[in-house]
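Note sheet for the following structure.
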Amino acid sequence: MQELEKIWMNGELVPWKEAKIHVLTHALHYGTAVFEGIRCYKTNTGPAVFRLKDHLKRLYDSAHIVRMTIPYPPEELEKGVIDIIKANGVEECYIRPIVFRGYGEMGVDPSSCGVDCVIAVWCWGAYMGEKGIKEGVRAKISSYTRTYINSGSPRAKSSANYLNSSLAKIEAKDLGYDEAILLDINGFISEGSGENVFYVKDGVIFTPHPYSILLGITRDTVIKIARKLGMEVKETLCTRDDLYLADEAFFTGTAAEITPIAEVDGRKIGTGKRGEITHLLQEVFFRVVRGEEPDYESWLTKLR
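Here the sequence shown stands for residues 32 to 335, numbered as in our numbering.
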């Protein structure tokens with residue numbers, strides 16, 4: 032990781048190497064943390080954060096689900112995001128706000144531990160590589176099942192949920208694949224280790240029903256862009272066979288942006304290359320985040 036100068040920590044800008052927590056921090060032991068992944072893009076009018084208010088809304092929703100109160104109003108965290116980007120002098124970056132139960136008491140009950148807030152930024156290119164953006168990636172249906180709706184909180188972007196993701200990702204890479212796709216407890220497609228999943232069949236775009244997934248901001252962006260372009264989008268139950276027989280498929284996520292899926296379980300998806308609809312959605316998406324589509328100007332929080 033490329034280290035920058037400052038990290039926002041509980042309302043203060045502290046030197047990167049001094050942003051530390053105690054080894055007995057509750058979240059380190061029990062996963063009592065929620066976080067967001069946000070991107071800032073370079074535009075013709077300067078740096079702009081993409082859908083910042085929507086990301087922060089999801090952060091507060093996640094905290095509410097896991098019974099954690101964020102000790103700052105959204106406006107202060109929004110200012111903190113802008114301040115930390117400016118303090119580090121970057122035009123493009125990945126932004127990681129994290130809210131967690133801090134040092135206080137051990138044991139699974141977190142109620143006596145305070146809540147800490149941190150915002151860090153760093154320079155991060157295409158999550159699965161520029162080649163993946165253009166040519167697609169190879170995915171594997173994971174042997175791990177996505178966390179069940181009543182055994183965890185899929186709607187919350189919590190640190191605890193990502194052990195499931197990490198195990199699936201490690202397994203996929205050990206088997207020679209780029210990414211994992213997890214099924215839900217009923218055997219339907221859920222999501223990738225850190226992305227939502229879409230596929231295209233006969234010109235219609237399909238994506239898994241919201242009940243077992245994290246409601247991705249990029250997922251929502253793609254749905255809105257596609258519908259504005261006149262495409263039909265269906266949120267439904269999807270099987271692995273649907274994916275195998277798709278004409279195109281792709282991942283979406285703040286880190287992954289829009290990454291084509293070329294292959295699943297050794298089976299080519301369509302031609303095994305980036306599909307036409309995926310390519311079109313990529314082109315429009317990257318124009319949107321770079322401020323080149325006036326209809327979506329409200330999604331950008333400009334720093335200047």
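Where is the CB? At the ideal position from N, CA and C, for every residue including glycine.
Check: Which value, in whole angstroms, describes the spacing of the CA atoms of Ser174 and Tyr193?; Outcome: 15 Å
Check: Under 8 Å Cβ to Cβ from Gly77, same chain only, skipping five residues before and after it: list those, please.; Outcome: Glu122, Lys333, Leu334, Arg335
Check: Label Arg132 either buried or exposed according to how many other C-beta atoms from any shown protein chain fall within 10 Å of its C-beta, with 16 as the threshold for buried.; Outcome: buried
Check: Which residue wins for smallest C-alpha separation from Val235, given the options Ile308, Glu49, Tyr275?; Outcome: Ile308
Check: Helix, strand or coil for Leu311, going by three-state DSSP, please let me know.; Outcome: helix
Check: Look at the alpha carbon of Ser182 and the alpha carbon of Gly62, and state the distance between them as a whole number of angstroms.; Outcome: 14 Å
Check: Expressed to the nearest angstrom, what Euclidean distance is found between the alpha-carbon atoms of Ile113 and Gly284?; Outcome: 21 Å
Check: Out of Ser190, Tyr179, Lys259, Ser197, which one is the CA nearest neighbour of Gly218?; Outcome: Tyr179
Check: Give me the DSSP bridge partner(s) of Leu44.; Outcome: Trp39
Check: I'd like to know whether the C-beta atoms of Ser277 and Tyr125 end up nearer to each other than 8 Å.; Outcome: One point to set straight first is that residue 277 is Ala, not Ser, in the sequence displayed. No, the Cβ-Cβ distance between Ala277 and Tyr125 is not below 8 Å.
Check: Run the CB neighbour count on Arg98, radius 10 Å, all protein chains shown included, and call it buried at 16 or more, exposed below.; Outcome: exposed
Check: Tell me whether the stretch 203 to 223 and the stretch 238 to 248 touch, counting them as touching only if at least three CB pairs, one residue from each stretch, are closer than 8 Å.; Outcome: yes
Check: Going by the beta-carbon positions, is the gap between Ile292 and Gln313 smaller than 8 Å?; Outcome: no
Check: Tell me whether His86 is buried or exposed, calling it buried when 16 or more other Cβ atoms sit within 10 Å of its Cβ.; Outcome: buried
Check: Give the DSSP-derived three-state secondary structure of Glu294 in the structure shown.; Outcome: strand
Check: Given this structure, state the Cα-to-Cα distance separating His240 from Cys269, to the nearest angstrom.; Outcome: 8 Å
Check: With DSSP run on the structure shown, which of helix, strand or coil describes Ala280?; Outcome: strand
Check: Looking only at its own chain, which residues have a Cβ that is under 7 Å from the Cβ of Trp47, when we skip the five neighbours before and after it?; Outcome: Glu34, Leu35, Glu36, Lys37, Ile38
Check: Whose C-alpha, out of Leu55, Asp205, Val228, Ala151, is nearest the C-alpha of Arg70?; Outcome: Ala151
Check: Between the Cα of Tyr275 and those of Gly145, Lys299, Glu324, Ile52, spot the shortest distance and give me the residue it belongs to.; Outcome: Lys299
Check: Figure out for me which residue from Val45, Glu67, Arg82, Met40 has the closest Cα to the Cα of Phe316.; Outcome: Arg82
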